[in-house]
Every structure is written in structure tokens, then in C-alpha cells.
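Residue numbers (numbering that gives the first Met the number 0), protein chains in the order written: chain E, 0 to 302; chain S, 0 to 250. Inspection log for the structure reproduced underneath, given as C-alpha cells.
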Amino acid sequence: MIDLKVQLPGLNLKNPIMPASGCFGFGREYSQFYDLSKLGAIIMKAATGRERFGNPTPRVAETSSGMLNAIGLQNPGVEKIIENEVPFLANYDTSIIANVAGSTIEEYELVAGTFNATKDVHALELNISCPNVKEGGIQFGTNPSMAAKVTEKVKKASNLPVYVKLSPNVSDIVGMAKAVESAGADGLSMINTLTGMQIHLPTKQPLIANKTGGLSGPAIKPIAVRMIYEVKQHVSIPIIGMGGITSAEDVLEFLLAGASAVAVGTANFTNPLICSEIIDALPATLEKYGFTSVEDAIGKVVI
Amino acid sequence: MIKKESMQVISSKEIAKDTVEMKLENSYISETAVPGQFLHILLEGHSLRRPISIADVDKEKKLVTILFKKLGSGTEQLAEVNSGALLDVLGPGGNGFTVDTKGKSTVLLIGGGIGVPPMYYLGKTYANQGINVISVLGFQSKEHVFYEEEFQELGETFIVTNDGSYGDKGFVTNALHKVGKFDNYYSCGPLPMLKAITNKLQEKTGFISLEERMGCGVGACFACVLPTKTEKGYKKICSDGPVFDAREVVL
Ligand SMILES: Cc1cc2nc3c(=O)[nH]c(=O)nc-3n(C[C@H](O)[C@H](O)[C@H](O)COP(=O)(O)OP(=O)(O)OC[C@H]3O[C@@H](n4cnc5c(N)ncnc54)[C@H](O)[C@@H]3O)c2cc1C
Ligand SMILES: Cc1cc2nc3c(=O)[nH]c(=O)nc-3n(C[C@H](O)[C@H](O)[C@H](O)COP(=O)(O)O)c2cc1C
């Protein structure tokens with residue numbers, strides 16, 4: 000028997016697979032395709048203090064091996080999420096992670112504090128790295144002292160374990176990781192999307208209305224693996240890895256680089272059953288490469 | 000309910016310039032699809048699926064017809080798929096047109112270009128229930144015209160081409176004065192066309208089908224949202240739509 004279980008701060012995962020934030024809504028749509036109890040955890044779509052409408056459309060564009068998106072954190076606001084979405088997800092036997100976003104430190108504190116009051120949310124993913132909101136967002140994710148400050152404040156505002164989601168749009172990812180670790184982060188989540196742009200030749204205009212968007216999908220996988228590997232050498236808190244995962248082999252690659260669990264984003268759009276299929280395939284993949292458990296493979300890249 | 004299904008290509012042929020008619024076999028989708036719903040089709044090597052309307056359904060033969068225009072890498076690749084091949088499809092997607100014959104005697108269908116396909120299954124469904132169907136169909140030019148005879152079988156049909164090479168010259172709105180009395184109207188086509196129609200037919204009850212670039216196609220990613228006059232302020236085209244009451248949306 001291959002053991003898929005993983006223990007992380009606040010999260011007792013039956014397997015290391017979870018859908019990534021923003022790529023699975025609040026689970027309802029995908030519950031038509033399979034039983035969400037199968038998932039290790041579910042990371043909800045970003046929550047902000049108040050309702051956000053998001054960016055103008057078109058908001059997505061296909062790229063080679065991936066896509067660009069500039070959704071702009073559209074969400075009904077933390078209170079409505081707690082009222083309408085969390086109870087739905089709580090029906091499933093899986094862990095719930097809330098993605099916390101904001102444009103000011105106060106907003107992050109408010110959102111984190113509000114989730115704290117619900118018993119059904121098991122951890123927070125602190126989104127300091129969304130490239131698609133003009134105010135705040137990305138500055139927190141590219142400046143180590145700002146990142147540390149918001150982490151500290153959110154830790155104070157909430158009793159839940161905090162996984163800080165790092166932006167790859169930085170030159171020193173290790174510096175960012177160390178800054179948030181020192182500020183009290185319980186774990187890291189990486190990577191968010193890379194800022195990109197695509198121009199439509201017939202109209203000579205950017206393909207998405209926001210001009211630039213976040214690149215995700217297989218195109219960014221090697222960057223994610225490299226960043227997780229580098230960060231793992233320098234921090235001791237666990238990493239939830241993501242970026243272009245589409246198969247159980249990809250999951251193993253992330254585990255070897257140093258991730259303790261993984262999130263699958265864009266691949267849900269291509270195949271709504273992808274998380275379920277990866278969970279089914281993972282034991283045989285681990286076995287094929289000589290591992291008896293997920294824990295056994297974490298950080299086992301041979302250098 | 001939308002499902003991930005495998006559909007076998009039974010036939011594929013070019014019926015007008017760059018326009019392909021494809022028949023696909025699948026029992027679940029043919030049994031459950033209603034007019035206005037779409038298939039979300041995966042093409043190898045593409046990360047995003049392509050939404051294509053259901054243009055007709057033959058429940059007995061378990062066939063779904065799609066009509067699409069080759070406009071880019073995805074639709075060009077779809078046109079190359081041979082009979083016998085299997086397509087990976089999510090469907091039937093979205094909320095289609097409500098077919099309600101109560102108090103109606105005549106419906107007007109207005110289709111433009113790649114917006115013509117969903118009008119066909121809707122018109123056929125109404126015609127089968129004894130409702131008069133009038134169609135106004137707009138195309139770029141004569142060589143792009145398709146399904147004229149099929150629509151004529153449903154009822155009176157007016158063709159308009161942008162360049163005047165066939166039928167009336169101009170836009171579908173130019174032909175509306177020829178249409179007699181009708182109860183509701185239904186429309187699908189490019190946004191400027193829908194704007195013009197909803198303006199011109201403000202006094203009428205109408206339902207329009209909208210297009211937008213989609214991510215997931217199932218309502219999870221919030222890529223294809225549209226501002227609405229409803230309390231929530233927006234709707235998702237892929238899962239709340241693609242069909243909307245013309246009066247509730249902000250075009
Ligand atoms: C609900 C719905 C029903 C549709 N029904 C039909 C139909 O019956 N027949 C038909 O010919 N076309 C239909 N379309 C339009 C069709 O989806 C696009 O022409 C197609 O996606 C273009 O893909 P491509 O790879 O060939 O073009 P590209 O331009 O290479 O596509 C690039 C990306 O943009 C998206 N995209 C491009 N144009 C559109 C568009 N007009 N609407 C939405 N996404 C777009 C593509 O899906 C892809 O993700 C429909 C669109 C929607 C939203
Ligand atoms: C459409 C879309 C929406 C996203 N929304 C969010 C979000 O709300 N919060 C967040 O932290 N990350 C968001 N992300 C980033 C993903 O969670 C993930 O970090 C990234 O896409 C890389 O993984 P992938 O290549 O598997 O998609 C979004 C990504 C996409 C494609």
C-alpha cells in the first residue's frame with residue numbers, strides 16, 4: 000500500500016492533491032464531475048473584504064502550453080463566502096483553505112479575521128501575489144519587508160495556519176520566502192502566475208482587456224520546480240507547490256523538488272476530472288519510482 | 000447536467016466558405032441538450048476548450064450537429080478531425096432557450112454569422128410544436144451563406160449579406176421591417192448586431208445568446224462574466240447563459 004497521507008500545519012491531508020485558488024471556484028461546478036471528498040483539500044477562490052467585480056473582459060487568452068488570465072479577483076466578499084460557499088464545501092470530507100486577498104493591510108487583516116470565526120476553514124492561503132489588481136496586491140508580493148509585515152498582521156488577526164502564496168515575479172524568491180518565514184508564516188504556497196502579455200495580430204491589440212495577465216499552465220512548470228527547489232534549501236516551513244501540474248508524474252517532480260503537497264490550477268479547465276485522475280494515478284507513479292509514500296518523496300531530488 | 004463525454008465524429012463537411020457541418024454521436028448529450036446550449040470541445044495541444052453551439056439534435060439517431068467557422072487554430076484543427084475520431088467534450092453546457100409555446104403564434108429568429116447555428120435547433124423545436132417561425136439570417140457574403148433551405152423549411156426566411164452579393168444588402172436590422180407580426184424574438188450573433196437589435200426591438204420580449212472568451216466553461220473561473228441589471232450585478236455567460244433575457248443584460 001502506497002501511503003498518500005500528508006501532515007501539514009492545520010491540514011491532515013488524505014492525499015497531497017488540491018485544486019488551486021481561482022481555478023475551481025468554490026467547488027460547486029466541479030462537484031458535478033466527481034465527489035469532492037476525494038480531494039486532499041480545496042483552496043477556495045480569493046476572498047476580499049468587500050465584493051469585487053473584477054476586470055473588463057476578455058479576461059483570458061490561450062498561450063503555448065498555458066493561458067493568461069486577468070480575472071481581477073472577482074468574488075462576492077468574505078462574508079458572503081462564509082455564508083454561502085463554505086457551508087457547501089463543509090459537506091465534503093476534505094480540508095478547506097481560504098485564499099485571502101486585499102489591497103491594504105487592513106483589508107487582509109479583516110478578511111483573515113473574518114475567516115477565523117468559522118470552524119470549517121482549516122487554513123489560510125495569503126495571496127500577496129495576484130498580478131491583476133492595480134492597488135496593493137503585487138507590491139506586497141515583491142517587497143520582502145511589506146510581505147513580512149502583512150504576514151505578521153494576518154498571523155495576529157487569525158488563529159489559523161497561514162500559507163503565504165509567493166509571486167514568481169521577483170528576482171530573489173529565497174529572500175521573499177525567508178522574510179515571510181521569519182514573520183511567522185506556517186507554510187508557503189508557490190508559485191502564483193507570471194506576468195505576461197500577448198498581442199493579437201489582426202487587431203494589433205493585447206488579447207486580454209487588462210493588457211497584461213498572469214501566465215499559468217505547463218509553460219511555467221520548470222520555473223515553479225526551480226523556485227521550490229531553491230526555497231526548500233533555505234526554509235524549514237512546508238511548501239504547497241503549484242504551476243503547470245497536469246499529471247501524477249508532475250506531482251512527483253514537485254515533491255522531489257521539495258513540495259509537501261501540490262495544487263492543480265489551469266489543468267482543471269482542460270480536464271475537469273484532472274485532480275481525481277491524478278489522485279488515482281499517484282500510487283502507481285510513486286511505486287514506479289521506488290517510493291512507498293508521499294512523505295518519502297518530499298525533497299528527494301538527487302543532486 | 001454538464002458531463003465529460005466522448006463524442007464520435009460521424010460526418011464532417013464544408014457547407015459554405017470556411018464553414019463546417021459536423022455530426023457527432025453521443026446518447027447522453029443528444030438526450031439532454033436543449034436549443035442554445037453548447038459543447039465545450041477539447042482539441043489536442045490546446046489548454047482551453049472551444050465553445051460551439053448545438054445546432055441540431057436527432058434524438059433517435061443520437062446525433063448532435065454543430066456548424067462552425069474556421070477562424071483560428073482551434074476551429075481549423077476541429078475541421079481536420081476525420082469521421083470515426085472521438086472528441087473530448089463537456090456538454091451540454093450552459094442554459095439554453097426556454098421553449099414556451101403558451102400564448103405564442105409566431106417567433107422571430109435573428110442570426111448573424113456564427114450566431115446562426117443555435118437558431119436552427121430552436122426554430123426546429125418551435126416549428127415542431129406548431130409555432131410559426133420567421134428567420135432573418137445575416138452573412139458576410141454569398142459564399143458564406145449556409146442552411147438557407149433548412150430554415151426555409153421551418154418558415155419564412157430572409158437572407159441579408161453585408162456586401163449585398165445575396166439577399167438584401169447590409170445588416171440584419173435592415174431587413175426587420177419586412178417581418179410581420181411576431182411574439183418573441185431570439186437572437187445570436189456579433190455584439191454590435193445584438194446591440195442594434197435589442198435597441199430596435201426594445202418593446203418586444205427577446206432572448207439573446209452571447210459569446211465571450213471562456214476559461215473553464217462550467218462557471219468556476221469567472222472569465223466570461225457580463226454586467227447585468229440584476230441584484231448580483233453580473234452573470235456568467237458559460238453557466239448562467241449563454242442565453243439571457245435581452246432586458247436583463249448590459250451590452
Ligand atoms: C456559447 C458560444 C457558442 C458558440 N457557438 C459557435 C458556433 O456554433 N459556431 C461557430 O463557428 N462559433 C461559435 N462560437 C465561437 C467559437 O467559440 C470561436 O470561434 C472559437 O472558440 C474560436 O477558436 P479558434 O481557436 O479557432 O480561434 P482563436 O482566435 O485562435 O482562439 C483563441 C482563443 O479565443 C477564444 N475565442 C476566439 N473567438 C471567440 C468567440 N467568438 N467566442 C468565444 N471565444 C472565442 C477561443 O476559444 C480560444 O480560447 C461560440 C462561442 C460561444 C461563447
Ligand atoms: C483563472 C485563474 C484564476 C486565478 N485566481 C487566483 C486567485 O484568486 N488567488 C490566487 O492566489 N491564485 C489565483 N490563480 C493562480 C493559481 O492558483 C496558480 O497559482 C497558478 O495558476 C499556477 O498553477 P497552474 O499552472 O496549475 O494553473 C489563478 C489562476 C488562474 C488561471
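Using N, Cα and C, we set each Cβ at its ideal position, and we do this for glycine too.
Measuring only between beta-carbons, confirm whether residue i sits less than 8 Å from chain S.
{"i": "V110/E", "result": "no"}
{"i": "T211/E", "result": "no"}
{"i": "Q204/E", "result": "no"}
{"i": "N98/E", "result": "no"}
{"i": "E28/E", "result": "yes"}
{"i": "T194/E", "result": "no"}
{"i": "N68/E", "result": "yes"}
{"i": "G9/E", "result": "no"}
{"i": "F23/E", "result": "yes"}
{"i": "T93/E", "result": "no"}
{"i": "T103/E", "result": "no"}
{"i": "T284/E", "result": "no"}
{"i": "T56/E", "result": "yes"}
At the 8 Å Cβ level, is residue i part of the contact set with chain E, yes or no?
{"i": "K3/S", "result": "yes"}
{"i": "C220/S", "result": "yes"}
{"i": "H143/S", "result": "no"}
{"i": "V217/S", "result": "yes"}
{"i": "S11/S", "result": "no"}
{"i": "L108/S", "result": "no"}
List, in order along the chain, the chain S residues whose C-beta lies closer than 8 Å to that of residue i?
{"i": "S64/E", "result": "S46"}
{"i": "T47/E", "result": "Near T47/E there are no residues of chain S at all, since even the closest Cβ is about 13 Å away, more than 8 Å."}
{"i": "G216/E", "result": "S46"}
{"i": "T265/E", "result": "S46"}
Determine the chain C residues that contact residue i at a beta-carbon separation under 9 Å, and present them in chain order.
{"i": "V59/E", "result": "The chain labelled as chain C is not found among the protein chains of the depicted structure, namely E and S."}
Who does residue i pair with in a DSSP beta bridge?
{"i": "M241/E", "result": "A262/E"}
{"i": "S297/S", "result": "Outside the shown range of chain S, which is 0 to 250, sits residue 297/S, and nothing can be said about it."}
{"i": "S292/E", "result": "D2/E"}
{"i": "A46/E", "result": "V99/E"}
{"i": "G213/E", "result": "N68/E, T194/E"}
{"i": "N11/E", "result": "Q6/E"}
{"i": "Q204/E", "result": "H199/E"}
{"i": "T18/S", "result": "A15/S, K68/S"}
{"i": "I41/E", "result": "I95/E"}
{"i": "S10/S", "result": "K22/S"}
{"i": "D244/S", "result": "F206/S"}
{"i": "Y233/S", "result": "P226/S"}
{"i": "P18/E", "result": "V263/E"}
{"i": "G298/E", "result": "Paired residues: none, contrary to the question."}
{"i": "G110/S", "result": "L136/S, C187/S"}
So with CB distances below 8 Å, who are the chain E contacts of residue i?
{"i": "L89/S", "result": "P271"}
Since residue i meets chain E, which of its residues come closer than 7 Å, beta carbon to beta carbon?
{"i": "Y233/S", "result": "F52"}
{"i": "M192/S", "result": "Within 7 Å Cβ-Cβ: nothing; M192/S doesn't reach chain E, min ~18 Å."}
{"i": "L41/S", "result": "T269"}
{"i": "M0/S", "result": "Q31"}
By the criterion of Cβ-Cβ separation under 9 Å, what are the contact partners of residue i in chain E?
{"i": "S281/S", "result": "Residue 281/S cannot be examined here, being either before or after the span of chain S that is shown, 0 to 250."}
So with CB distances below 7 Å, who are the chain S contacts of residue i?
{"i": "Q73/E", "result": "F221, V224"}
Those runs of the alpha helix (DSSP H) which lie wholly inside the region 126-196 of chain E and span at least 4 residues = 137-141, 143-156, 172-181
query = What residues does ligand 1 have around it, judged by CB closer than 5 Å to any heavy atom, in chain order?
reply = E61/E, F37/S, L47/S, R49/S, P50/S, I51/S, S52/S, F67/S, K68/S, L70/S, G71/S, S72/S, G73/S, T74/S, I113/S, P116/S, E210/S, R212/S, P241/S
query = Can you give, in chain order, each stretch of the beta strand (DSSP E) that sits fully within the region 49-133 of chain E and has at least 3 residues?
reply = 59-62, 65-68, 94-99, 122-126
key: beta strand (DSSP E) runs wholly inside the region 149-221 of chain S, at least 3 long, in chain order   = 156-160, 183-187, 204-208
message = If we require 4 or more residues per run, which alpha helix (DSSP H) segments fall completely within the region 112-151 of chain S?
response = 115-127
query = Which ranges would you report for the beta strand (DSSP E) in the region 21-108 of chain S if only whole runs of at least 3 residues count?
reply = 37-41, 49-52, 55-57, 62-68, 85-92
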